[in-house]
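Numbering of the sequence shown is given in the working numbering, commencing with residue 299 and proceeding in unit increments. Written out below as structure tokens is the structure these notes cover.
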Amino acid sequence: MAYTILDTSNLEAYLFSLPQIKSFFNTDALLINEIGDGNLNFVFLVTSADDASKQLILKQAVPYLRCVGESYPLSKERMTYEIRSMERFSELSPHIPKIYHFDEEMSMIIMEYLGEHIIMRKGMIDGVKYPKFAEHISSFLAETLFKTSSLYLSSSEKRELTAQFIGNSELCKLTEDFVFTAPFMEHETNAELPELSDEAERITKDLELKTKILQLKHKFINRCDALIHGDLHTGSIMINEEETYVIDSEFAFVGPMGFDVGALIANLAMSWVSHTVLDETSDYADWILRTIEEVWQKFEKKFLQLWDETKESALFAKGFADTQIRKAYQEEYMLALLRESIGFAGCKIIRRQFGIAGVDDIRGIEDAQKREAANRLAIKIGERFIKEHNILNNINNAMTLIKA
Numbered sequence: 299m300a301y302t303i304l305d306t307s308n309l310e311a312y313l314f315s316l317p318q319i320k321s322f323f324n325t326d327a328l329l330i331n332e333i334g335d336g337n338l339n340f341v342f343l344v345t346s347a348d349d350a351s352k353q354l355i356l357k358q359a360v361p362y363l364r365c366v367g368e369s370y371p372l373s374k375e376r377m378t379y380e381i382r383s384m385e386r387f388s389e390l391s392p393h394i395p396k397i398y399h400f401d402e403e404m405s406m407i408i409m410e411y412l413g414e415h416i417i418m419r420k421g422m423i424d425g426v427k428y429p430k431f432a433e434h435i436s437s438f439l440a441e442t443l444f445k446t447s448s449l450y451l452s453s454s455e456k457r458e459l460t461a462q463f464i465g466n467s468e469l470c471k472l473t474e475d476f477v478f479t480a481p482f483m484e485h486e487t488n489a490e491l492p493e494l495s496d497e498a499e500r501i502t503k504d505l506e507l508k509t510k511i512l513q514l515k516h517k518f519i520n521r522c523d524a525l526i527h528g529d530l531h532t533g534s535i536m537i538n539e540e541e542t543y544v545i546d547s548e549f550a551f552v553g554p555m556g557f558d559v560g561a562l563i564a565n566l567a568m569s570w571v572s573h574t575v576l577d578e579t580s581d582y583a584d585w586i587l588r589t590i591e592e593v594w595q596k597f598e599k600k601f602l603q604l605w606d607e608t609k610e611s612a613l614f615a616k617g618f619a620d621t622q623i624r625k626a627y628q629e630e631y632m633l634a635l636l637r638e639s640i641g642f643a644g645c646k647i648i649r650r651q652f653g654i655a656g657v658d659d660i661r662g663i664e665d666a667q668k669r670e671a672a673n674r675l676a677i678k679i680g681e682r683f684i685k686e687h688n689i690l691n692n693i694n695n696a697m698t699l700i701k702a
């Protein structure tokens with residue numbers, strides 16, 4: 299079928315043209331609701347009119363940036379990379395929803411509806427604790443990052459994987475523009491926040507900060523460590539107290555591992571900022587800090603365990619390194635990964651204060667004075683992360699930068 303933008307007027311007919319989907323619903327009528335509030339795509343919840351338990355999610359990319367409009371063209375082929383990454387991730391981790399159908403020509407994917415889960419960001423705004431999250435997300439990160447890297451794959455496998463995602467250049471450029479560039483200069487897409495004009499002016503003139511941002515941007519553009527999600531924040535996670543699922547991987551490409559780890563840390567840190575400003579006595583803020591620490595510690599342990607189990611890869615030929623050399627390299631590698639993760643987290647935090655698409659954790663604070671206080675605290679943490687990430691020795695040092 300030639301590309302057609304789907305909406306509530308034509309979606310039912312399209313779905314009934316797909317035999318496997320028609321069989322799934324086993325009905326003559328569907329209830330269709332647009333539910334997406336993301337920056338890029340349209341998302342629909344489709345329910346059988348005869349059986350409310352039969353539900354699927356349909357997601358379609360349109361040829362522009364949804365949160366800006368048709369004035370900002372964006373290739374709809376980005377959905378191709380979400381499909382490819384979701385398929386690869388699902389082979390490596392149980393924390394991916396089931397895919398029922400996809401169509402690259404239509405830039406569309408149909409997947410499992412996670413009706414008993416909510417977007418993690420929303421749950422965290424409400425102060426919900428997720429006791430299994432650190433365990434689940436650390437497993438997802440360790441499995442997907444390690445097993446798509448040259449620490450695990452052969453040279454030919456790694457190069458083939460890189461080639462499959464090399465075409466996702468538009469969304470990579472989007473990240474280059476909106477994470478590493480526009481928020482740190484005067485730009486038409488930045489949020490209009492007159493109360494933060496002093497901070498914005500200071501940041502645009504900060505030589506040390508902008509030099510370090512350029513170093514991190516260079517890593518983002520040039521490194522090809524592993525297949526990364528590319529936009530791993532709490533709005534890209536569906537969760538309840540028992541299960542965790544990662545969604546929305548259209549930014550996926552073979553890039554620096556620390557960008558995924560850092561994006562997650564950044565969004566957890568911004569939730570901490572929100573709860574700290576709104577209620578300084580809240581034990582929820584303490585839970586968030588423990589969670590950040592646990593995510594890194596569990597990720598590091600699982601990543602190293604996978605590495606120890608792998609005897610040969612593109613990087614490590616058989617007989618090249620004894621145990622002592624291997625351990626020394628692992629320690630150096632993991633420290634560098636922690637440091638760059640924190641640096642990327644800093645860019646993500648500041649970008650969410652000044653740039654397009656802020657986070658509801660902070661922009662949703664109704665009290666203007668507290669919202670401004672949250673913005674300023676987040677900026678301070680982001681600056682510390684960027685300026686000091688290269689001198690950190692462990693995750694506890696990063697926790698100190700948050701609380702300082």
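Idealized CB from N, CA, C, for every residue including glycine.
As a quick exercise: from the options, pick the residue whose alpha carbon is nearest that of residue i.
{"i": "Leu635", "options": "Arg624, Ile660, Asn688", "result": "Asn688"}
{"i": "Thr345", "options": "Pro361, Glu310, Leu372", "result": "Glu310"}
{"i": "Phe463", "options": "Met697, Ile381, Glu686, Ala327", "result": "Ile381"}
{"i": "Gly425", "options": "Ala347, Tyr582, Pro492, Thr502", "result": "Tyr582"}
{"i": "Pro429", "options": "Glu592, Tyr450, Leu363, Thr302", "result": "Glu592"}
{"i": "Ala480", "options": "Ile407, Cys645, Ile640", "result": "Cys645"}
{"i": "His531", "options": "Ala561, Asp504, Ile537, Glu540", "result": "Ala561"}
{"i": "Glu474", "options": "Asp620, Ile333, Gly553, Leu699", "result": "Gly553"}
{"i": "Leu690", "options": "Gly641, Gly680, Glu548", "result": "Gly641"}
{"i": "Thr574", "options": "Ile693, Lys609, Arg674", "result": "Arg674"}
{"i": "Ala666", "options": "Met536, Tyr379, Ala359, Ser572", "result": "Ser572"}
{"i": "Ala643", "options": "Ala672, Arg661, Met697, Leu604", "result": "Met697"}
{"i": "Lys508", "options": "Asn308, Thr325, Arg682, Tyr301", "result": "Arg682"}
{"i": "Leu587", "options": "Leu604, Thr378, Leu699", "result": "Leu699"}
{"i": "Lys471", "options": "Glu490, Phe518, Ser453", "result": "Phe518"}
{"i": "Ala550", "options": "Glu610, Asp529, Arg637, Gly533", "result": "Asp529"}
{"i": "Trp605", "options": "Ala619, His415, Gln628", "result": "Gln628"}
{"i": "Leu354", "options": "Ser373, Leu329, Glu493", "result": "Leu329"}
{"i": "Thr325", "options": "Asp349, Ser534, Leu304", "result": "Asp349"}
{"i": "Phe557", "options": "Leu494, Gly421, Leu514, Ser534", "result": "Leu514"}
{"i": "Leu494", "options": "Glu607, Lys678, Ser369", "result": "Lys678"}
{"i": "Glu540", "options": "Ser321, Asn694, Glu433, Glu548", "result": "Glu433"}
{"i": "Thr608", "options": "Arg637, Phe431, Asn308, Ser452", "result": "Ser452"}
{"i": "Glu548", "options": "Arg637, Thr378, Gly421, Ala461", "result": "Thr378"}
How would you call residue i, buried or exposed, if buried means at least 16 neighbouring beta carbons within 10 angstroms?
{"i": "Arg500", "result": "exposed"}
{"i": "Gly367", "result": "exposed"}
{"i": "Phe478", "result": "buried"}
{"i": "Arg746", "result": "The first residue shown for the chain is 299 and the last is 702, placing residue 746 beyond what the model contains."}
{"i": "Arg419", "result": "buried"}
{"i": "Thr306", "result": "exposed"}
{"i": "Leu469", "result": "buried"}
{"i": "Ile563", "result": "buried"}
{"i": "Leu505", "result": "exposed"}
{"i": "Tyr450", "result": "buried"}
{"i": "Asn565", "result": "buried"}
{"i": "Ile435", "result": "buried"}
{"i": "Thr579", "result": "exposed"}
{"i": "Arg296", "result": "What is shown of the chain runs 299 to 702, which leaves residue 296 out entirely."}
{"i": "Asn339", "result": "buried"}
Leaving out five residues before and five after residue i in sequence, what residues of the same chain have Cβ atoms less than 8 Å from its Cβ?
{"i": "Phe476", "result": "Thr487, Arg649, Gly653, Ile654, Ala655"}
{"i": "Met299", "result": "Tyr312, Ser315, Asp401, Glu403, Met404"}
{"i": "Met483", "result": "Thr502"}
{"i": "Ile663", "result": "Ser572, Val575, Leu576, Arg669, Ala672"}
{"i": "Glu610", "result": "Lys616"}
{"i": "Leu602", "result": "Gln628, Met632"}
For residue i, which residues in the same chain have their Cβ closer than 7 Å to its Cβ, ignoring the five residues on either side in sequence?
{"i": "Pro395", "result": "Met409, Glu410, Leu412, Tyr543, Ile545"}
{"i": "Leu390", "result": "Glu441, Thr442, Lys445"}
{"i": "Phe438", "result": "Ser391, His393, Val544"}
{"i": "Glu598", "result": "Met632"}
{"i": "Pro371", "result": "Pro361, Tyr362"}
{"i": "His399", "result": "Leu316, Gln318, Ile319, Ile408"}
{"i": "Asp658", "result": "Arg419, Ile423"}
{"i": "Lys600", "result": "Ser436, Ser437, Ala440"}
{"i": "Ile660", "result": "Met568, Val571, Ser572, Arg669, Ala672, Asn673, Ala676"}
{"i": "Glu414", "result": "Asn538"}
Spatial neighbours of residue i within its chain, please: CB distance less than 6 Å, with the 5 preceding and 5 following residues excluded, ordered by chain position.
{"i": "Ala524", "result": "Leu443, Thr446, Ser447, Met555"}
{"i": "Leu375", "result": "Correcting the residue identity first, residue 375 is Glu in this sequence and not Leu. Same-chain partners within the cutoff: there are none."}
{"i": "Glu332", "result": "Phe342"}
{"i": "Ala327", "result": "Ala347"}
{"i": "Lys352", "result": "Phe323, Ser346"}
{"i": "Lys357", "result": "Asn339, Val341, Ile407"}
Would a check of beta-carbon distances place residue i closer than 7 Å to chain D?
{"i": "Ala311", "result": "Within the model displayed, chain D is absent; a lone protein chain is all it includes."}
Counting Cβ pairs, one atom from each stretch, are 3 or more of them under 8 Å apart for the region 449-460 and the region 349-365? no
Should the region 619-634 be called in touch with the region 489-508, which here means at least 3 C-beta pairs below 8 Å? no
So, does the region 609-621 touch the region 593-600, judging by three or more C-beta pairs under 8 Å? no
Quick one: complete alpha helix (DSSP H) runs, 4+ long, within the region 438-486? 453-463, 467-476
Runs of 4 residues minimum, wholly inside the region 553-641: which ones carry the alpha helix (DSSP H) assignment? 555-576, 581-607
Which ranges would you report for the beta strand (DSSP E) in the region 365-424 if only whole runs of at least 3 residues count? 367-371, 397-401, 406-410
Where are the alpha helix (DSSP H) runs, 4 residues long or more, that stay fully inside the region 312-357, in chain order? 317-323
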